Amino acid sequence: MMPLAKNSPKEHDSALLKAVAAGDRRALEELYLGYHRRLARFLSRFTPRYENIEEIINDTFMVVWQNANDFRNASLVSTWIIGIAYRTALKAFRSQKNYADMGSLDDHPEQTVDPTNETEVQDWLQHGLNRLPIEQRLTLELAYHMGHSLEEIAAITDCPVGTVKARMFHAREKLRQCLPTLSGAALASPARIG
Amino acid sequence: MTNNRSAGESDHEEVAGLIPWYVNSSLPDQERLKVDAHIAGCAACRADLAEEQKIFERINGAPTVEYMPAASLRRLQSRLDILQSPTDAARSPRVASGRLSKQGLKAASIAVVAISISLLLADRWVQFRAQQAAPNYRTVTSSPARARDEVIRAVFAPTLTLVEMQAILEEADLRIISGPTEAGVYSLAAKSGRPVHASLALLRRHSAVRFAEQTQPETESEPGNSR
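From first to last, the protein sequence lines stand for chains A and B.
Note that this note's numbering has the first sequence beginning at 1, numbered continuously upward.
Note that this note's numbering has the second sequence beginning at 195, numbered continuously upward.
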């Protein structure tokens, strides 16, 4: 691999992708190691199974390897790679009926939740998230877990900004119906879900 | 009056739609100021913001598991090897001409399928020979095959990051030669002439090292001397 100058992370990614487009496997490996942690943490929000996470990440980088020539600098390299990961994950999750399979409160809908117990509230939130349609869940997680801006999510998901806003709006509405105790006033009294 | 109200309602709707990105601090300054100004006079949006902030904090603060990328990268490399070998048919034309013709793609696909079948048959043949040659049982005292140069086997805490693991190995003058296995075991080789027991002691000092054991008796001429 040709030595790359120490530039900003964006420039470094861009130089690596150019090297990948020229067939440099070590550049692909560096890019892989640079993104693995971020993608694995994001995908682990949807599935606890590492084999599923690895499959999505490796499929993503196979696409990166085969299509690096098509990158035209219309977006950041990170947006492009996360966009590929988004589409790969969407395809994988759609093919699995219960993509989350978290084994949480979804298995026990009648269970009572103590809203003063942080672990139970966390489980309850997970339950609410698992019930969202996958596009809405991904939009919400891209914003809240990955910290992406509205425009970045539009680029990653290849959708107009209005569609991203609509998905986020519906996700929040549904989540709010599931999570009444998250509002401060109701935190004192236990609630039942289901 | 009506215009003022409809402008206010439209402002309210716009701000309500921006709250998630206000919460994750990714709004440009101009929009952030607009949200600030609206929220100051709108109790509904303030309540909305407080609720959204709680969801954001719980999602953002949820514990996550750290995964080591090394084994996954090796599996990606194997896929790339299959894709590239032996004629580089599936990749090189793309690099050289930018686009594969339909015929080229067909030929590449056939090559990949042929290689995959050959590898599968070769693997089955090797397994068949191995089954014939070796007894189909293992005694409790027989040790698993040891990698060349391996001096220590170790298991690390699953929460350990790659950087932290590298720092521990660097300190103990060790390098990974294989792993992790399904049980999370790494095979380690010495990087310098430091005695293996000294490296072992350094490893065991770390609470993130769940298990570390020397795999061969130490001799005067330590096998790890080879760099």
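The beta carbon of each residue, even a glycine, is placed where N, CA and C say it ideally should be.
Model, not experiment: these values are computed from the prediction.
Worksheet entry | 8 Å contact criterion, which residue 139 of chain A and residue 172 of chain A should meet: CB distance rounded | Not confirmed; about 10 Å, so no contact.
Worksheet item: How many angstroms separate the CA atom of residue 213 of chain B from the CA atom of residue 249 of chain B?
Response: 12 Å
Discussion item. Does the region 393-404 of chain B come into contact with the region 359-370 of chain B, if we say contact requires no fewer than three beta-carbon pairs (one atom in each stretch) closer than 8 Å?
Written reply: yes
Worksheet item: Considering only the beta carbon of each residue, do residue 85 of chain A and residue 20 of chain A sit closer than 7 Å?
Response: no
Worksheet entry | C-beta contact flag for residue 127 of chain A and residue 263 of chain B at 7 Å | no
Item to complete: Please say whether residue 362 of chain B and residue 391 of chain B have beta carbons closer to each other than 7 Å?
Response: no
Discussion item. For residue 185 of chain B, tell me which candidate among B:254, B:307, B:220 has the shortest Cα-Cα distance.
Written reply: The structure shown does not extend to residue 185 of chain B, since chain B is modelled only from 195 to 421, so the question has no answer here.
Practice prompt. Note down, in chain order, each residue of its chain lying with its Cβ closer than 6 Å to the Cβ of residue 206 of chain B, except the 5 sequence neighbours on either side.
Written response: none
Practice prompt. Would you kindly report the start and end of the unbroken beta strand (DSSP E) that includes residue 237 of chain B?
Written response: No beta strand (DSSP E) contains residue 237 of chain B, which is instead part of the alpha helix (DSSP H) from 237-254.
Practice prompt. Report buried or exposed for residue 165 of chain A, applying the criterion of at least 16 other Cβ atoms within 10 angstroms of its Cβ.
Written response: buried
Worksheet item: Using a beta-carbon distance cut-off of less than 8 Å, what residues from the region 245-258 of chain B approach chain A?
Response: 245, 246, 248, 249, 250, 252, 253, 254, 256, 258
Item to complete: Mind listing the chain A neighbours of residue 411 of chain B? Cutoff is C-beta to C-beta under 9 Å, in chain order.
Response: Per Cβ cutoff of 9 Å: no residues; residue 411 of chain B is ~36 Å from chain A at best.
Item to complete: Can you give me the start and stop residues for the alpha helix (DSSP H) that residue 231 of chain B sits inside?
Response: 223-234
Item to complete: Report yes if the C-beta distance between residue 156 of chain A and residue 47 of chain A is below 7 Å; otherwise report no.
Response: no
Discussion item. Nearest by alpha-carbon distance to residue 89 of chain A: which of A:72, A:141, A:65 is it?
Written reply: A:141
Worksheet item: Using the beta-carbon of each residue, which ones in chain B are nearer than 8 Å to residue 61 of chain A?
Response: 270
Discussion item. As a quick exercise: from B:374, B:244, B:256, pick the residue whose alpha carbon is nearest that of residue 176 of chain A.
Written reply: B:244
Fill in: Residues of its chain near residue 39 of chain A, where Cβ-Cβ distance is below 6 Å and the 5 sequence neighbours each way are ignored
57, 85
Discussion item. Whether or not the region 49-65 of chain A and the region 8-15 of chain A are in contact is what I'm after, with contact meaning three or more pairs of Cβ atoms, one per stretch, closer than 8 Å; do they touch?
Written reply: no
Worksheet item: Whole beta strand (DSSP E) runs in the region 348-398 of chain B with 3 or more residues, listed along the chain?
Response: 368-372, 379-384
Fill in: Cβ neighbour criterion (16 or more within 10 Å) applied to residue 123 of chain A
buried
Discussion item. Please report the straight-line C-alpha distance between residue 52 of chain A and residue 43 of chain A, rounded to a whole angstrom.
Written reply: 9 Å
Practice prompt. Answer yes or no: does any C-beta atom of chain B fall closer than 7 Å to that of residue 51 of chain A?
Written response: no
Practice prompt. Starting from the Cα of residue 204 of chain B, find the closest Cα among B:317, B:404, B:232, B:219 and give me that residue.
Written response: B:232
Discussion item. Give me the DSSP bridge partner(s) of residue 346 of chain B.
Written reply: B:382, B:408
Discussion item. Just to check my reading of the structure: residue 75 of chain A and residue 215 of chain B have Cβ atoms closer than 8 Å, yes? What is that Cβ distance to the nearest angstrom?
Written reply: Actually they do not touch by this definition, with Cβ atoms about 18 Å apart.
Worksheet entry | Every unbroken alpha helix (DSSP H) within the region 19-56 of chain A, with a cutoff of 4 residues, ordered by chain | 25-43
Discussion item. Rounded to whole angstroms, what is the Cα-Cα separation between residue 388 of chain B and residue 312 of chain B?
Written reply: 45 Å
Practice prompt. Just the C-alpha distance for residue 143 of chain A and residue 261 of chain B, rounded to the nearest angstrom, thanks.
Written response: 22 Å
Fill in: C-beta contact flag for residue 381 of chain B and residue 371 of chain B at 7 Å
yes
Fill in: Outcome for residue 272 of chain B when other beta-carbon atoms lying within 10 angstroms are tallied against a minimum of 16
exposed
Worksheet item: Does any CB atom of chain B fall closer than 7 Å to the CB of residue 16 of chain A?
Response: no
Worksheet item: What is the C-beta distance between residue 374 of chain B and residue 265 of chain B, in whole angstroms, given that I count them as a contact (C-beta under 8 Å)?
Response: 6 Å
Item to complete: Could you name the residues of chain A that residue 215 of chain B contacts, counting a contact when the two beta carbons are closer than 7 Å?
Response: 143, 149, 150
Worksheet item: If you draw a straight line from the alpha carbon of residue 224 of chain B to that of residue 357 of chain B, how long is it in whole angstroms?
Response: 39 Å
Discussion item. Helix, strand or coil, according to DSSP, for residue 403 of chain B in the structure here?
Written reply: strand
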